[in-house]
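**Student:** Below you will find the structure I want to go over with you.
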Amino acid sequence: MATVALRSPAGKWIMVSAILASSMAFIDGTALNVVLPALQNSLQASGADLFWILNAYLLMLAALILIGGSLGDKLGRKKIFMAGIFIFICGSALCGISPGVTWLIIFRIIQGIGGALMIPGSLSLISSSIDVKERGKAIGTWSAFTTVVTMGGPVLGGALADAGLWRYIFFINVPIGLAALVMLWLKVNETKDEDGDHAIDFPGAIAIALGLALVTFGFLRTPAVGLHNWQVYLSLATGLLLLIAFVIIEKKSKNPMMPLQLFANPTFTGANLLTLFLYAGLGAGMLFLSLNMVQVQGYSQLQSGLTFLPFTVMMISLARFAGGLADKFGPRLLLIFGPAAAGTGLLMLSFIKQTNGPADYWTTFFPGVIVFGLGMSFTVAPLTAAVMGSVSDHFSGTASGVNNAVSRIAGVFANAIFGALAVLFFIGALQTKIQDLKLTTNEKQQVTAQATNLGNAKVPEGIRTNKQEIKKVYHESFINAYAKIMRTSAALGFLGALMGMVFIRGVRKSESPEVSKVRKSESQ
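Residue numbers (this note's numbering): 2 to 525.
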């Protein structure tokens with residue numbers, strides 16, 4: 002399969018189109034969280050409605066992303082990538098004109114289907130088209146630009162929400178997607194696995210889609226109904242059985258959508274374990290850091306977004322450089338140092354108590370954000386390069402799909418499980434602290450009932466005294482829960498570093514004996 006140089010015209014068109022398409026998904030993911038209050042008021046949505054608006058997309062993405070990567074390898078990466086972009090922008094336009102909550106949730110599902118075809122396609126196209134000596138740098142460039150967009154999403158969302166224009170978070174995807182489609186159609190060549198059988202693994206596709214959907218649904222239902230609920234038990238148990246069935250199907254299939262021999266490569270296995278742990282910690286850490294800033298520390302939504310500018314600057318400055326280092330020296334040391342530094346940053350952020358708001362940013366949040374950002378800057382591009390470089394080119398879409406599915410499932414774990422844990426931590430701290438307040442048993446129950454709102458807990462209307470003390474207790478209890486969640490997130494970062502130390506090989510990917518061995522077995 003012919004490849005092109007990163008600096009060539011063809012290489013530049015591939016990069017620009019891949020970055021534009023990926024940016025849509027990242028803008029949508031980060032900005033939507035910020036516009037939720039405006040969306041809630043506009044559509045008269047309940048808290049449960051907001052939960053499903055956020056996660057309907059994630060549910061479909063986690064369920065179908067492996068299929069999207071496999072289809073690209075078999076039917077053509079450019080073709081499937083373009084199909085995903087088209088479905089995504091159609092879903093986005095429909096979300097923008099949604100007349101109510103139910104329709105918005107349905108249209109978010111359509112977005113998720115498009116995203117499952119689109120997201121693995123961007124990295125697969127880069128990995129299969131750019132010369133092997135420059136792939137790390139190319140992936141670093143992709144990481145830098147998409148991370149800038151990701152971190153800029155909250156700023157954009159805050160500005161649009163303040164102006165009453167929340168629907169434009171969806172509409173903005175349409176011109177971006179159309180531009181990417183035109184570039185791909187006119188300037189980018191098709192790539193696919195020319196040697197393999199193009200038959201689709203339908204039994205495997207059905208098993209993995211239903212299995213991931215049910216496991217994801219089970220996690221997402223946990224905060225609403227509790228872990229010890231038949232819905233959660235049934236969803237998780239059935240989902241796990243289907244995932245086991247998927248492994249058996251793939252082992253016996255002549256045309257598996259996820260060839261199990263990929264996992265014979267320690268680098269591929271280790272990189273995905275690293276992704277699972279690090280991105281679970283990242284998801285929980287970013288979520289609760291933002292909640293702390295806005296709900297407890299007195300930051301506005303726009304200020305909260307702006308506080309991550311140092312993170313963005315480091316990603317711009319270092320991601321491409323880190324990708325180049327991975328090309329030259331191999332990813333192993335970077336994938337030990339990077340997650341460890343990210344975990345250290347999260348640990349530093351866990352010690353922040355009540356502050357005086359944005360005025361104290363430079364001495365409170367800033368140092369932890371810098372260390373956290375430094376770790377992620379040296380991790381993202383080498384991690385992706387390790388995944389894509391550990392398999393042969395004709396499995397690049399499958400590898401990207403696996404890694405993206407792992408990161409999305411890690412995000413579900415972070416949102417659902419850590420959300421439930423945070424409520425438990427909050428209630429435990431709150432019940433201890435309100436013992437010292439002069440409240441009746443009924444009033445204490447009313448105060449505790451607000452715990453599900455975490456840092457946004459309000460003093461119950463029926464309580465006329467001790468309002469300031471109750472508000473202070475709410476903030477202290479949230480900070481207690483926040484500290485435990487952030488330290489757990491830090492531990493996951495350190496666990497990711499351990500995966501890098503144990504599994505990732507320290508040689509250049511072009512010389513890796515594991516890569517050669519797996520490629521040889523793939524060709525037989």
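Using N, Cα and C, we set each Cβ at its ideal position, and we do this for glycine too.
Between Tyr58 and Gln112, which are expected to be in contact by the criterion C-beta below 8 Å, what is the C-beta distance as a whole number of angstroms?
**Tutor:** Tyr58 to Gln112, Cβ: 5 Å. Contact.
**Student:** Using three-state DSSP, classify Val372 as helix, strand or coil.
**Tutor:** Correct three-state label for Val372: helix.
**Student:** If you check the beta carbons only, do Gly165 and Gly306 fall under 8 Å apart?
**Tutor:** Not closer than 8 Å, so no.
**Student:** Cβ of Ser236 within 8 Å of Cβ of Phe218?
**Tutor:** Yes, the pair counts as a contact, with Cβ atoms nearer than the cut-off.
**Student:** What's the C-alpha gap between Arg8 and Ser130?
**Tutor:** So the alpha carbons of these two residues sit roughly 12 Å apart.
**Student:** Determine the DSSP secondary structure at Val5, reduced to helix, strand or coil.
**Tutor:** Correct three-state label for Val5: strand.
**Student:** Would you mind reading off the limits of the alpha helix (DSSP H) that contains Leu336?
**Tutor:** Note, Leu336: alpha helix (DSSP H), Leu335 to Leu350.
**Student:** Using DSSP with H/G/I as helix, E/B as strand and the rest coil, what is Ile131?
**Tutor:** DSSP places Ile131 in strand when its eight states are reduced to three.
**Student:** In whole angstroms, what is the alpha-carbon distance linking Leu431 and Asp202?
**Tutor:** For Leu431 and Asp202, the distance between alpha carbons rounds to 52 Å.
**Student:** For Ile140 and Gly358, what's the separation of their Cα atoms in angstroms?
**Tutor:** Roughly 37 Å separates the two Cα atoms.
**Student:** In angstroms, rounded to a whole number, what distance separates the CA positions of Ala265 and Ala181?
**Tutor:** The straight-line gap from Cα to Cα measures roughly 36 Å.
**Student:** Taking Cys96 and Arg109 to be in contact with their CB atoms under 8 Å, please state how far apart those CB atoms are, rounded to whole angstroms.
**Tutor:** Rounded, the Cβ-Cβ distance is 6 Å, consistent with contact.
**Student:** List the endpoints of the continuous alpha helix (DSSP H) containing His476.
**Tutor:** It spans Lys468 to Phe504 - the alpha helix (DSSP H) in which His476 sits, taken as one unbroken run.
**Student:** Asn174 and Ser254: beta carbons closer than 8 Å?
**Tutor:** Going by C-beta atoms, Asn174 is not nearer than 8 Å to Ser254.
**Student:** Do Thr147 and Ser24 have their C-beta atoms within less than 8 Å of each other?
**Tutor:** Yes, they are a contact pair.
**Student:** Nearest-angstrom Cα distance between Lys1 and Leu179?
**Tutor:** Outside the shown range of the chain (2 to 525) lies residue 1, about which nothing can therefore be said.
**Student:** Give me the residue from Met377, Ala39 and Trp104 with the minimum Cα distance to Gly286.
**Tutor:** The shortest Cα separation from Gly286 among Met377, Ala39 and Trp104 belongs to Met377.
**Student:** Hey, would you say the C-beta of Ala492 is under 7 Å away from at least one heavy atom of the ligand HEM?
**Tutor:** The model depicted lacks the ligand HEM and carries no ligand whatsoever.
**Student:** Touching or not, the stretch 344-355 and the stretch 314-327, by the rule of three or more beta carbon pairs under 8 Å?
**Tutor:** No: the two stretches stay apart, fewer than three of their Cβ pairs being nearer than 8 Å.
**Student:** Can you give me the start and stop residues for the alpha helix (DSSP H) that Thr449 sits inside?
**Tutor:** Run containing Thr449: Thr442 to Ala450, per the alpha helix (DSSP H) assignment.
**Student:** Going by C-alpha to C-alpha distance, which of Phe367, Ala360, Met119 and Ala64 sits closest to Phe89?
**Tutor:** Nearest of Phe367, Ala360, Met119 and Ala64 to Phe89, Cα basis: Met119.
**Student:** Determine the closest residue to Pro100 out of Leu40, Val150 and Ala63, with distance taken between C-alpha atoms.
**Tutor:** Among Leu40, Val150 and Ala63, the Cα nearest to that of Pro100 belongs to Leu40.
**Student:** For Leu215 and Ala406, I'd like the C-alpha separation in whole angstroms.
**Tutor:** When rounded, the distance between both Cα atoms is 14 Å.
**Student:** By Cβ distance, which residues of its chain are closer than 8 Å to Met184, with the 5 residues on each side in sequence left out?
**Tutor:** Excluding residues within five positions, the ones whose Cβ falls inside 8 Å are Trp14, Val17, Ser18 and Leu21.
**Student:** Rounded to whole angstroms, what is the Cα-Cα separation between Pro257 and Glu444?
**Tutor:** Approximately 60 Å, taken between the alpha carbons.
**Student:** Suppose you measure from the CA of Ile410 to the CA of Ala281; what does that come to, to the nearest Å?
**Tutor:** Distance between the alpha carbons of Ile410 and Ala281: 8 Å.
**Student:** Return the CA-CA distance between Arg222 and Val233, expressed in angstroms with no decimal places.
**Tutor:** Using only the alpha carbons, I get a separation of about 7 Å.
**Student:** Please give me, in chain order, every unbroken run of the alpha helix (DSSP H) with length at least 4 that falls completely inside the stretch 26-96.
**Tutor:** Taking only runs of at least 4 residues, the alpha helix (DSSP H) segments lying wholly in the stretch 26-96 are 48-76.
**Student:** Quick check on this structure: which residue in Ala400, Leu375, Phe373 and Gly374 has the alpha carbon closest to the alpha carbon of Ala386?
**Tutor:** Ranking the options by Cα distance to Ala386, first place goes to Ala400.
**Student:** Taking DSSP as the reference, what is the three-state secondary structure of Trp167?
**Tutor:** Correct three-state label for Trp167: coil.
**Student:** In angstroms, rounded to a whole number, what distance separates the CA positions of Glu523 and Phe426?
**Tutor:** Note on Glu523: pLDDT 36, under 50, position unreliable in the model; no value is reported.
**Student:** Answer with buried or exposed for Gln446, where buried requires no fewer than 16 other C-beta atoms within 10 angstroms of its C-beta.
**Tutor:** Gln446 is exposed by the Cβ-count criterion.
**Student:** Should Ala208 go down as buried or exposed, given a rule of 16 or more other Cβ atoms within 10 Å for buried?
**Tutor:** Ala208 is buried by the Cβ-count criterion.
**Student:** Considering only the alpha carbon of each residue, which of Pro383, Val503, Ser125 and Lys439 lies closest to Gly69?
**Tutor:** Out of Pro383, Val503, Ser125 and Lys439, Ser125 has the C-alpha closest to the C-alpha of Gly69.
**Student:** Could you check whether Phe379 and Gly339 sit closer than 8 Å to each other, using their CB atoms as the reference points?
**Tutor:** Yes. Within cutoff.
**Student:** Buried or exposed for Arg506, please, with buried defined as at least 16 other CB atoms from any protein chain shown within 10 angstroms of its CB.
**Tutor:** Arg506 is buried by the Cβ-count criterion.
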